[in-house]
Amino acid sequence: MNSCVFCRIVAGELPTQKVWEDEEIVAFKDVNPSAPVHVLVVPKRHIDKLTEATSQDRDLLGGLQLAAAVVAQKMGIADGFRLMLNNGASAGQVVWHLHYHVQGGWKGGVK
Numbered sequence: 013m014n015s016c017v018f019c020r021i022v023a024g025e026l027p028t029q030k031v032w033e034d035e036e037i038v039a040f041k042d043v044n045p046s047a048p049v050h051v052l053v054v055p056k057r058h059i060d061k062l063t064e065a066t067s068q069d070r071d072l073l074g075g076l077q078l079a080a081a082v083v084a085q086k087m088g089i090a091d092g093f094r095l096m097l098n099n100g101a102s103a104g105q106v107v108w109h110l111h112y113h114v115q116g117g118w119k120g121g122v123k
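Residue numbers (our numbering): 13 to 123.
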């Protein structure tokens with residue numbers, strides 16, 4: 013069994029609240045949100061972190077950002093949201109599968 017929690021979500025082995033999905037990317041609500049709206053945008057193919065992506069991943073990486081914009085629209089936060097990626101332990105990465113955090117929904121600005 014794969015120990016990567018995001019790979020297990022992609023494989024349908026773990027439940028999640030999907031927000032959006034296509035052939036290469038899935039977006040789902042964070043189980044421990046740090047914002048009123050907190051969605052993770054994840055490639056279905058495992059890449060540990062951004063610095064392990066290659067030039068062959070260029071379209072996928074662009075697709076992740078476009079997916080984040082679609083998620084922001086769907087979640088009603090397109091007028092103001094944060095898009096964040098942690099790369100490596102010293103940056104706060106705790107799940108070793110490349111992913112973006114789409115955060116927003118603060119009333120009156122970021123708290």
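Glycine included, every Cβ here is placed at the ideal spot set by N, Cα and C.
Determine the DSSP secondary structure at residue i, reduced to helix, strand or coil.
{"i": "Glu64", "result": "helix"}
{"i": "Leu95", "result": "strand"}
{"i": "Gly116", "result": "strand"}
Find the nearest neighbour of residue i within the set the options, judged by alpha-carbon distance.
{"i": "Gly121", "options": "Gly100, His113, Phe93 and Tyr112", "result": "Phe93"}
Check for me: the beta strand (DSSP E) holding residue i runs from which residue to which?
{"i": "Ile37", "result": "Ile37 to Lys41"}
{"i": "Val22", "result": "Unbroken run through Val22 is the alpha helix (DSSP H), Val17 to Val22; no beta strand (DSSP E)."}
{"i": "Trp32", "result": "Lys30 to Glu33"}
Cα separation between residue i and residue j?
{"i": "Val17", "j": "His109", "result": "8 angstroms"}
{"i": "Val54", "j": "Asp91", "result": "22 angstroms"}
{"i": "Leu76", "j": "Val106", "result": "19 angstroms"}
{"i": "Phe40", "j": "Val83", "result": "9 angstroms"}
Determine the extent of the alpha helix (DSSP H) in which residue i is found, giving its start and end residues.
{"i": "Leu73", "result": "Arg70 to Lys86"}
Pop quiz: residue i and residue j are said to be a contact at Cβ under 8 angstroms. What is the actual Cβ separation, rounded to whole angstroms?
{"i": "Pro48", "j": "Gly104", "result": "In fact, because the Cβ distance is near 20 angstroms, the residues do not count as touching under 8 angstroms."}
{"i": "Gln12", "j": "Met96", "result": "Look at the range of the chain in this structure, 13 to 123, and you will see that residue 12 is not part of it."}
{"i": "Ala101", "j": "Trp32", "result": "Going by Cβ atoms, the distance from Ala101 to Trp32 rounds to 28 angstroms, so no, they are not a contact pair."}
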